[in-house]
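Residue numbers (our numbering): 1 to 334.
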Ligand SMILES: [Zn+2]
Ligand SMILES: [Zn+2]
């Protein structure tokens, strides 16, 4: 593979850089700081990288601070709103744009969308897209990083992201995204936007408290950042752990992907996972009007503003295939 031109010298690390445990701590901030080489990490066996996972553990433990800060309608509703706003960023931006390019946008709005996605605290757009494309290439095969069929529920849900070998981004696998230095920057320093977002949650709560609303900076930080983000992570992870186990299969794909309306409500339209595995290039995952797909409705509305365009539809051949399979199943039941 031809090496990609990385502005800012992101791939080259001086030999004097610290390695081992210290390097792991540096990676909390600079995810591309891999003195031993990303290939070495990726080639290793799956093993939980405990020091690297401390920030992820803190995200979960931070929820317990609710014991001290309590709750208020303002804080709870903000947490709910931030869950849905950021779920849309994961589904509509990280998944349907960066991973599958199911619509087009300008370079400027692409950057705005990358910022929005980064606020969901699921690492950078390039890391997300790289891992997701890998999932589609190896769905439910031994190489699939998060197949519940191969590795069990917990590994597919949360284990795989704690593994040392899954932390580095393979930029050569996402060349269409890695050619943008601004996206590589956000991906490399993937803690930056979450840190600003957390501070903004605190500031928002403090301001509300100041103008007389019953909440505070600490309470908003716990609800808006820690609780909302933790639930958002697990909501998203349900697709990895359950969408290949729960639900019905419309298409005879080579993997075990399924369609589930329950997962659709949790993930704003991503539950139509069997549809998606059959045909990834479309912006919509609910292929029929009765398959609720809020992410698609949102993206369609966004396209009316001119900020995004070229939404891709489901080809007639796919509908014909679905119809043929329906007829086949009906005949079998007779
Ligand atoms: Zn996908
Ligand atoms: Zn899948």
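Glycine included, C-beta positions come from ideal geometry on N, C-alpha and C.
- Nearest to residue 110 by C-alpha distance, out of 92, 123, 315, 122, is 92.
- Not one heavy atom of ligand 2 sits closer than 7 Å to the Cβ of residue 237.
- For residue 157, no alpha helix (DSSP H) encloses it, and the DSSP letter there is neither H nor E.
- Membership of residue 201 in the alpha helix (DSSP H) is indicated by the continuous run 192–210.
- Proximity to residue 36 across 20, 29, 51 peaks at 20, based on C-alpha coordinates.
- Put simply, the backbone Cα of residue 169 is about 8 Å away from that of residue 32.
- Here residue 173 is actually not in contact with residue 160; their C-beta atoms are around 17 Å apart, not less than 8 Å.
- When C-beta atoms of the stretch 262–272 are compared with those of the stretch 121–133, fewer than three pairs fall below 8 Å, so the two segments do not count as touching.
- Rounded to whole angstroms, the separation of the alpha carbons of residue 89 and residue 252 is 29 Å.
- In this structure, the C-beta of residue 146 stays at least 7 Å away from each heavy atom of ligand 1.
- In chain order, 140, 149, 244 place their CB closer than 6 Å to the CB of residue 256, counting only its own chain and leaving out the 5 sequence neighbours on each side.
- Excluding five sequence positions before and after residue 142, the CB atoms of its chain that fall closer than 8 Å to its own CB belong to 150, given in chain order.
- When 317, 307, 313, 301 are compared, the shortest CA-CA separation from residue 286 is found for 313.
- Annotation for residue 125 indicates a beta carbon at 7 Å or more from all heavy atoms of ligand 2.
- DSSP, reduced to helix, strand and coil, places residue 173 within a helical segment of the structure shown.
- Our two residues, residue 197 and residue 121, have alpha carbons roughly 9 Å apart in a direct line.
- Non-local beta-carbon contacts of residue 227 in its own chain, meaning distances under 6 Å to residues more than five positions away in sequence, involve 63, 79 in chain order.
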